[in-house]
Amino acid sequence: MNGSPELQRSSKTRSAAFDPIAAARTLKRRLADRVAEHLTHKWDQQHGVDTGGRVAINASRVAVVGNHAGSGYDIVSTPPSVFAYLSRYFPAQRNDYSYMDIGCGKGRTVMLASELGFKSCIGVDFASFACDVARENLPRYKSPVPERSPCAIFNDCATKCAFPDGNLLLFFNNPFAMDLWPEVARRVTEAADQERAVTIILIGSFPDTIRAAADIFTRSHAITKRAEGLTPRFWDSYAPFHFIVLANDR
25 MNGSPELQRS
35 SKTRSAAFDP
45 IAAARTLKRR
55 LADRVAEHLT
65 HKWDQQHGVD
75 TGGRVAINAS
85 RVAVVGNHAG
95 SGYDIVSTPP
105 SVFAYLSRYF
115 PAQRNDYSYM
125 DIGCGKGRTV
135 MLASELGFKS
145 CIGVDFASFA
155 CDVARENLPR
165 YKSPVPERSP
175 CAIFNDCATK
185 CAFPDGNLLL
195 FFNNPFAMDL
205 WPEVARRVTE
215 AADQERAVTI
225 ILIGSFPDTI
235 RAAADIFTRS
245 HAITKRAEGL
255 TPRFWDSYAP
265 FHFIVLANDR
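For the sequence shown, position 173 matches number 197 in my numbering, and the numbering has no gaps at all.
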């Protein structure tokens, strides 16, 4: 009446394998991801743009500038709440700074930064299609701010892109693999030595990678670490972001 020994053992094995705490965590994470996806889509609809989703960078299918097709990471836009949180580390005199997002994807942070009073806002990405989408987004963006900074998108490689004159705020959201950082850091350090202020914000979901990139910047001692932390888990964010803020002494 109680079933065969094999069935009893099978039932016990299934019971032992089920972890209700782990299952609850998985469910919570999936629900949070769905909420973040919904809020991202809603933000795009409200502002008349296309910045959401994850776009895989397949080196064999995506046209890119330069010789580093295999070093690009998937395009995932910075959540608006995360960007707003990080803005506390932006320079106070923003009208004296150009904002530059290297690895800008579809241009979301360029549009957000254009509302904050920067001298100009620039996005750079090596993926041609991402730049096309970003350029289409700029004039369609429904901003609550009547006067915004001038914006531009450039299809270029991070190791070769030109920096605008004057003070710079450089923003990097986990754009590429570690093999590109030494050359990028060398060029940024040269820019920081040209009698101008440079602030760098590195963000990403892998703290070891962000710290390794920051260490490359600080080797010259012209650029030093000013802040490090973890953003809150906002509703529109798939995960908290680790961040490091660097700057020179101008």
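Think of the CB as a built atom: it goes at the ideal place given N, C-alpha and C, for glycine as much as any other residue.
{"Check": "DSSP three-state call for Leu110: helix, strand or coil?", "Outcome": "helix"}
{"Check": "With a cut-off of 8 Å, do at least 3 Cβ pairs link the segment 204-222 to the segment 187-194?", "Outcome": "yes"}
{"Check": "Quick one: residues in its chain with C-beta nearer than 6 Å to the C-beta of Ala176, no 5 flanking neighbours on either side, listed in chain order?", "Outcome": "Ile146"}
{"Check": "If you follow the alpha helix (DSSP H) that Asp149 is part of, which residue opens it and which one closes it?", "Outcome": "From DSSP, Asp149 is part of no alpha helix (DSSP H) but of the beta strand (DSSP E) over 144-149."}
{"Check": "Which partner residues of Lys249 appear in the DSSP bridge assignment?", "Outcome": "Leu270"}
{"Check": "Would you be able to state if there are at least three C-beta pairs under 8 Å between the segment 102-114 and the segment 260-274?", "Outcome": "yes"}
{"Check": "Is it buried or exposed for Ser84, if we count other Cβ within 10 angstroms and need 16 for buried?", "Outcome": "The predicted model places Ser84 with a pLDDT of 47, which falls under 50 and marks its position as unreliable, so this point remains unresolved."}
{"Check": "Would the segment 121-135 and the segment 150-166 be scored as touching if the rule is three or more Cβ pairs under 8 Å?", "Outcome": "yes"}
{"Check": "Do Ser261 and Pro103 have their beta-carbon atoms positioned less than 7 Å apart in this structure?", "Outcome": "yes"}
{"Check": "Would you be able to state if there are at least three C-beta pairs under 8 Å between the segment 219-232 and the segment 162-174?", "Outcome": "no"}
{"Check": "Assuming Ser173 contacts Ser138 (C-beta within less than 8 Å), just tell me the rounded distance between them.", "Outcome": "4 Å"}
{"Check": "Is it right to say Trp259 is buried, meaning 16 or more other beta carbons lie within 10 angstroms of its own, or is it exposed?", "Outcome": "exposed"}
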